[in-house]
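*Asks:*
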Amino acid sequence: MLAFNAQGHLLMQRHSYGSDDWMFPGGGMDRGEHPLAASERELREETGCRLTGALEIQTVVEDLFGATNIVHVVIGRTDSTPVPDGREVIEAGFFPLDALPEPMTQDLRQGLQVWMETYRRASGQGTPTLK
Numbered sequence: 001m002l003a004f005n006a007q008g009h010l011l012m013q014r015h016s017y018g019s020d021d022w023m024f025p026g027g028g029m030d031r032g033e034h035p036l037a038a039s040e041r042e043l044r045e046e047t048g049c050r051l052t053g054a055l056e057i058q059t060v061v062e063d064l065f066g067a068t069n070i071v072h073v074v075i076g077r078t079d080s081t082p083v084p085d086g087r088e089v090i091e092a093g094f095f096p097l098d099a100l101p102e103p104m105t106q107d108l109r110q111g112l113q114v115w116m117e118t119y120r121r122a123s124g125q126g127t128p129t130l131k
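First residue of the sequence shown: 1, per UniProt numbering; consecutive thereafter.
(1) Quick check on the DSSP output: the alpha helix (DSSP H) that includes Met12 runs from which residue to which?
(2) Can you tell me where the beta strand (DSSP E) with Glu117 in it begins and where it stops?
(3) So, are the CB atoms of Val74 and Leu36 less than 8 Å apart?
(4) Just checking my contact of Pro13 with Glu91 at CB under 8 Å: how many whole Å lie between their CB atoms?
(5) What residues in its chain sit with their C-beta under 6 Å from that of Gly27, if we drop five residues either side in the sequence?
(6) Rank Ser123, Phe95, Gln125 and Ala6 by C-alpha distance to the C-alpha of Met23 and give the top, closest one.
(7) According to DSSP, which residues form a beta bridge with Asp63?
(8) Please report the distance separating the alpha-carbon of Thr105 from that of Gly32.
(9) By a C-beta neighbour count over all protein chains shown, 10 Å radius and 16 as the cutoff for buried, is Thr89 buried or exposed?
(10) Rounded to whole angstroms, what is the Cα-Cα separation between Ser39 and Ile70?
(11) CA-CA distance, Leu100 and Ala67?
(12) Round the Cβ separation of Asp79 and Ala3 to the nearest angstrom and send it over; I've been treating them as touching at under 8 Å.
(13) Do you know how far the Cα of Glu56 is from the Cα of Tyr119?
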C-alpha cells in the first residue's frame, strides 16, 4: 500500500527478513477479508499507523513460483508516526517522493509511478494529503 502523510511524504519500511530493500507496507489477507480492511490491519500491525481515506487503485494478478498471487494496490493517508513492530518491520519512515531511500527495487519505483498516475486519474487529486 502507499500511505502518505500530511506533507505528501510516502511511508516506507524495511523488514527483519529477506533483502535490505525499502518497501511499501503490506501483507497477506485473511480469508474473506476485504482488501481495504487488510491494508488497514497490516499497516496498524506493522507500524502502528492508522490508514484513512483509502482507495484501491489496481489489482495485479501474477504467477509467483507456480502459484497465483493477487496484489491489491491501495493508496491512503495516515496521520500517525510509524513505530516499527520490531518483529517483522525493523525500520519505517516517511520520505519525499523525490528522495526515496535506497536500496529500493526498480520494479517498485516503476510501480510507484504507474500507481500514482492511476490514483491521480481515479481521484482527480495529486498526492494524497490530510485535509
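By construction, the Cβ of each residue, glycine as well, lies at the ideal position given by its N, Cα and C atoms. These numbers come from a predicted model, not from an experiment.
*Replies:* The structure says:
(1) By 1-based counting over the sequence shown, the position of residue 12 is 12. Element bounds for Met12: not the alpha helix (DSSP H) but the beta strand (DSSP E), Leu10 to His15.
(2) Locating residue 117 in the sequence shown gives position 117, where the first residue counts as 1. Run containing Glu117: none in the beta strand (DSSP E); it sits in the alpha helix (DSSP H), Gln106 to Ser123.
(3) Counted from its first residue, the sequence shown places residue 74 at position 74. Counted from its first residue, the sequence shown places residue 36 at position 36. The Cβ atoms of Val74 and Leu36 sit closer than 8 Å to each other.
(4) Mapped onto the sequence shown, residue 13 falls at position 13. Mapped onto the sequence shown, residue 91 falls at position 91. At residue 13 the sequence reads Gln, which differs from the Pro that was named. That pair is a contact at about 6 Å.
(5) For the purposes of this step, residue 27 is taken as the residue at position 27 of the sequence shown. Same-chain partners within the cutoff: Glu42.
(6) Position 23 of the sequence shown holds residue 23. Among Ser123, Phe95, Gln125 and Ala6, the Cα nearest to that of Met23 is on Phe95.
(7) The sequence position of residue 63 within the sequence shown is 63, counting from 1. Partner(s): Thr68.
(8) Counted from its first residue, the sequence shown places residue 105 at position 105. Counted from its first residue, the sequence shown places residue 32 at position 32. Between Thr105 and Gly32, the C-alpha separation is close to 31 Å.
(9) Start at 1 with the first residue of the sequence shown, and residue 89 comes out as number 89. In the sequence as displayed, the identity of residue 89 is Val instead of Thr. It counts as buried.
(10) Locating residue 39 in the sequence shown gives position 39, where the first residue counts as 1. Locating residue 70 in the sequence shown gives position 70, where the first residue counts as 1. About 14 Å.
(11) Within the sequence shown, numbered from 1, the residue matching residue 100 stands at position 100. Within the sequence shown, numbered from 1, the residue matching residue 67 stands at position 67. So the alpha carbons of these two residues sit roughly 31 Å apart.
(12) Indexing the sequence shown from 1 puts residue 79 at position 79. Indexing the sequence shown from 1 puts residue 3 at position 3. Not really, about 10 Å apart at Cβ, beyond 8 Å.
(13) On the sequence shown, residue 119 is found 119 positions in, with the first residue counted as 1. On the sequence shown, residue 56 is found 56 positions in, with the first residue counted as 1. Going by the C-alpha atoms only, they are around 9 Å apart.
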